[in-house]
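**Q**
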Amino acid sequence: MEQRNRKGRPGTPRIVTSAGFTLIELAVVIVILSVAALLVMPRLPFAGEGDLKTSARQLAGILRYVQDQAIAGKQYYRLRFNLADGAMKVTRVLPEKEEVEVTDSALTGLTLREGVHWADVTTSSLGKVSEGEVTLDFSPLGAQDFLLFHLTSKARGRYFTVAVYPGSGRVEVAEGYTEGVLSETEREKDFSLEEKESAP
3 MEQRNRKGRP GTPRIVTSAG FTLIELAVVI VILSVAALLV MPRLPFAGEG
53 DLKTSARQLA GILRYVQDQA IAGKQYYRLR FNLADGAMKV TRVLPEKEEV
103 EVTDSALTGL TLREGVHWAD VTTSSLGKVS EGEVTLDFSP LGAQDFLLFH
153 LTSKARGRYF TVAVYPGSGR VEVAEGYTEG VLSETEREKD FSLEEKESAP
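Residue numbers for the sequence shown follow the numbering used here, beginning at 3 and rising by one.
1) Tell me whether ARG172 sits in a helix, a strand or coil according to DSSP, three-state version.
2) Does the region 159-169 come into contact with the region 88-107, if we say contact requires no fewer than three beta-carbon pairs (one atom in each stretch) closer than 8 Å?
3) Are the CB atoms of GLY144 and PRO168 nearer to each other than 8 Å?
4) Consider the C-beta atom of VAL33 and the heavy atoms of the ligand GDP; say whether any pair is separated by less than 7 Å.
5) Does the separation of the CB atoms of ASP70 and VAL118 fall below 8 Å?
6) Could you work out which residue in HIS152, LYS91, ASP106 and THR105 is closest to VAL254 when comparing CA atoms only?
7) Which runs of the alpha helix (DSSP H) spanning at least 4 residues fall entirely within the region 96-131, listed in chain order?
8) Below 8 Å between beta carbons: does that hold for ALA89 and THR113?
9) Taking the C-alpha atoms as reference points, what is the distance between SER155 and THR24?
10) With 16 as the cutoff for other CB atoms within 10 Å, does SER57 come out buried or exposed?
11) Could you compute how far the alpha carbon of ILE34 sits from the alpha carbon of LYS55?
12) Just tell me which of LEU28, ALA29, ALA108 and PHE83 has its CA closest to the CA of TYR67.
13) Quick check: is the beta carbon of GLY144 nearer than 8 Å to any beta carbon in chain B?
14) Beta-carbon within less than 6 Å of THR137's beta-carbon, same chain only, minus the 5 sequence neighbours each way: which residues are those?
15) What's the C-alpha gap between THR180 and ILE32?
16) In terms of residues, what are the limits of the beta strand (DSSP E) holding PHE162?
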């Protein structure tokens with residue numbers, strides 16, 4: 003039998019549609035998924051790998067930047083690395099040997115990412131240091147030592163190596179724990195015998 007509207011004319015059947023999810027329901031689902039991801043992610047094998055790699059690249063960037071600042075400004079800079087808490091501090095060394103805080107925002111508040119630690123720092127003058135504080139100087143000629151930094155994510159037992167070469171100023175990043183020279187082009191040099199300009 004044909005359906006008619008109130009005026010008696012043939013009409014079309016009313017189609018009832020679902021209203022779908024409300025905004026509140028979608029928000030609740032997103033919150034639940036976010037909490038679940040936070041609980042699951044730390045247990046996944048790749049968790050923390052990105053932070054370790056990022057920390058290594060950030061360290062390389064800091065070392066390049068400080069070296070460039072020292073060379074371009076013909077100034078001395080000093081970096082202190084606290085191997086216990088991952089903190090890094092950069093100061094400028096005046097001709098009177100007084101240290102002053104840097105005002106460059108790129109060189110303040112520096113620290114390793116959460117879960118990333120110093121394994122050790124090796125220099126051609128100090129040898130390998132794995133605890134305490136390491137102080138490194140950059141002169142108008144750049145890095146004064148061959149520098150080797152090892153970062154680790156202790157939870158996963160992974161490492162990244164950052165190397166700084168005096169003279170060329172090259173900074174390299176490599177995955178894994180590497181001792182000695184990383185670059186093939188630098189391999190022929192004996193960095194333990196490099197002549198270094200003394201800091202002020």
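Positions of the beta carbon are idealized from the N, C-alpha and C atoms, including for glycine.
**A** Result, derived from the coordinates:
1) Reading the sequence shown from its first residue, position 170 is the one you call residue 172. Reduced to three states, the DSSP call for ARG172 is coil.
2) no
3) The count along the sequence shown starts at 1 and reaches residue 144 at position 142. The count along the sequence shown starts at 1 and reaches residue 168 at position 166. Yes, these two residues count as a Cβ contact at 8 Å.
4) Among the components of this structure there are no ligands whatsoever, and the ligand GDP is therefore not found.
5) Taking the sequence shown and counting its residues from 1, the one referred to as residue 70 is at position 68. Taking the sequence shown and counting its residues from 1, the one referred to as residue 118 is at position 116. No, they are not a contact pair.
6) Because the chain in this structure spans residues 3 to 202, residue 254 falls outside the shown range and cannot be described.
7) none
8) In the sequence shown, residue 89 corresponds to position 87, counting from 1. In the sequence shown, residue 113 corresponds to position 111, counting from 1. Contact flag set, yes.
9) Numbered from 1 along the sequence shown, position 153 holds the residue referred to as residue 155. Numbered from 1 along the sequence shown, position 22 holds the residue referred to as residue 24. Approximately 43 Å between the Cα atoms of the pair.
10) Translated into positions along the sequence shown, residue 57 becomes position 55. Buried, because 16 or more other Cβ atoms sit within 10 Å of the Cβ of SER57.
11) Start at 1 with the first residue of the sequence shown, and residue 34 comes out as number 32. Start at 1 with the first residue of the sequence shown, and residue 55 comes out as number 53. Roughly 30 Å separates the two Cα atoms.
12) As a working note, residue 67 is residue 65 in the sequence shown. Per the Cα distances, ALA108.
13) No chain B is present in this structure, which holds just one protein chain.
14) Within the sequence shown, residue 137 is the residue found at index 135, counting from 1. The residues are ARG82.
15) As a working note, residue 180 is residue 178 in the sequence shown. As a working note, residue 32 is residue 30 in the sequence shown. Between THR180 and ILE32, the C-alpha separation is close to 43 Å.
16) Sequence index remark: in the sequence shown, residue 162 carries index 160 (1-based). From DSSP, the beta strand (DSSP E) with PHE162 extends over 160-166.
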